[in-house]
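First the structure, in the form of structure tokens, and then the observations on it.
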């Protein structure tokens, strides 16, 4: 069996799949895509995922995209190695409601604020021609619009609205974690992995929204996730864990 | 076993679950929620789904929300009655990529144009106080904003962008259906059900985008879905099939 993973390193959507791989102890061929050099838009990678987005899994020549779908796929084809989906169908449904919420809501507001930071820094350091040459290679219309908006700077009302959504999302974590240890019941699951991959940046980037005083359960959960050996190993060398934080590109 | 379904009739997200129930021949207690009288925001229903959205499934007292999650749940707990998820995990992943695309992209652009129509008609027939009394009962902030925007009318650039997204979505159907009979392989699946529930309104509402000349495969697929006895039965009395089309509320 051949299993190859294209990913952007331990952050955002790529982190979901890296954590799933590590937790289940799956061997794979590792292809790190250099997001800061726009390798995700290179002709070679666009052949694998025409949307130019990481992560992408290639299993015996067949491509699977979309991080959450990849995680469920890996859990299905390696069912015996640390199951990451609740056996009980009710809790499995709750797991999917969480991963769906993350993909449809939480990841977008966190992502916009990440892009705002990128726009303010390295995007504005490029001249117009250089920047547009990069944008021209972005395969999806929506991402092109996002790049251009990020370079100009998002309007303040958009940023305020995204912060409101992050606050709502962290509040939702706080509510669910008052009732149970993990997000989809008594066992650690893909709900925790997929939510952690997005939530992990919030205390660092929006410390007034997610912190020990206001959201103690969410913070405790974050630490419980990070205490897991598979998570420790996966995030050990993450740029955002280094003393000098580097820029992270959110999908 | 007790199985109760709260739904808004055969349209949009409710239609996904009604089609799944019919296809699998599942018996359930039917609770039709009158969306035109805002029954989804009534205290009784908000107790079941605090987001005030249909559909919602109650299985032995446990509530499951989110139409796509409900469909997978039903297929999991009734695995032998007309399986609606491909057995092969690669195709099951492709099924999830489609349902995800519908939930994150396709349904929203179709929904906005539906709301635009609602806004122009019955929302503007209410006076301000009456309208705001209804909006006050809408449990989610995002839906409140959508109601108010719909009443004012969406800006033309928003409507144009939504039409561009519908065109992109139908184009994606056309591409996939050039390669296979159903959206997730050789068998009819939840990918078809969930996409049909949203796509069905497009030829009627945006005939210049989806029609026999420009998108023949998508139209042929739509008819193939509708030829299924379970679909026939489910949509037989749908208001949108009657000579005098009624208004449909998209989630």
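Chains as they are written, first to last, in our numbering: chain B, -14 to 236; chain V, -14 to 236. Ideal Cβ positions, reconstructed from N, Cα and C, are used throughout, including at glycine. Please read these numbers as outputs of a predicted model, since none were measured by experiment.
Think of a sphere of 9 Å around the beta carbon of residue 82/B: the chain V residues whose beta carbon falls inside it are 49, 50, 51 and 54, in chain order.
Excluding the 5 residues flanking it on each side, residue -12/B has same chain C-beta neighbours closer than 6 Å at 13 and 44, in chain order.
Cβ proximity to chain V below 8 Å picks out 85, 88 and 89 from the region 85 to 102 of chain B.
Nothing from the region 158 to 185 of chain V brings a Cβ to less than 7 Å from some Cβ of chain B. Proximity to residue 159/V across 205/V, 17/V and 76/V peaks at 205/V, based on C-alpha coordinates. When only Cα atoms are considered, residue 7/V and residue 216/V end up about 7 Å apart. Contact residues of the region 60 to 72 of chain B toward chain V are 61 and 62 (C-beta to C-beta distance below 7 Å). Apart from the 5 residues on each side of it in sequence, residue -5/V sits with its Cβ closer than 7 Å to the Cβ of 3, 219, 220 and 223 in its chain, given in chain order. Inter-segment contact for the region 64 to 77 of chain V and the region 72 to 91 of chain B is absent: fewer than three beta-carbon pairs are separated by less than 8 Å. DSSP, reduced to helix, strand and coil, places residue 41/B within a strand of the structure shown. Rounded to whole angstroms, the separation of the alpha carbons of residue 209/V and residue 161/V is 15 Å. The C-beta of residue 75/V comes closer than 8 Å to at least one C-beta of chain B.
At a beta-carbon threshold of 9 Å, the residues of chain V lying near residue 58/B are 74, 75, 77, 78 and 81, ordered along the chain. Comparing alpha carbon positions, the residue from 100/V, 47/V and 149/V closest to residue -14/V is 47/V. The count of Cβ pairs closer than 8 Å, one atom from the region 167 to 177 of chain B and one from the region 133 to 143 of chain B, stays below three, leaving the stretches out of contact. Residues of the same chain with a CB within less than 8 Å of the CB of residue 188/B, apart from the 5 flanking positions on each side, are 195, 196, 204 and 207 in chain order. A distance below 6 Å between beta-carbons, with the five flanking residues on each side excluded, links residue 200/V to the following residues of its chain, in chain order: 155 and 159. DSSP, reduced to helix, strand and coil, places residue 158/B within a helical segment of the structure shown. Within the same chain, Cβ atoms closer than 7 Å to the Cβ of residue 123/B are found at 26, 37, 129 and 132, the five residues on either side in sequence being excluded. The Cβ atoms of residue 83/B and residue -3/B lie no closer than 8 Å to each other. Beta-carbon to beta-carbon, residue 193/V and residue 89/B are separated by about 29 Å, too far to satisfy the 8 Å threshold.
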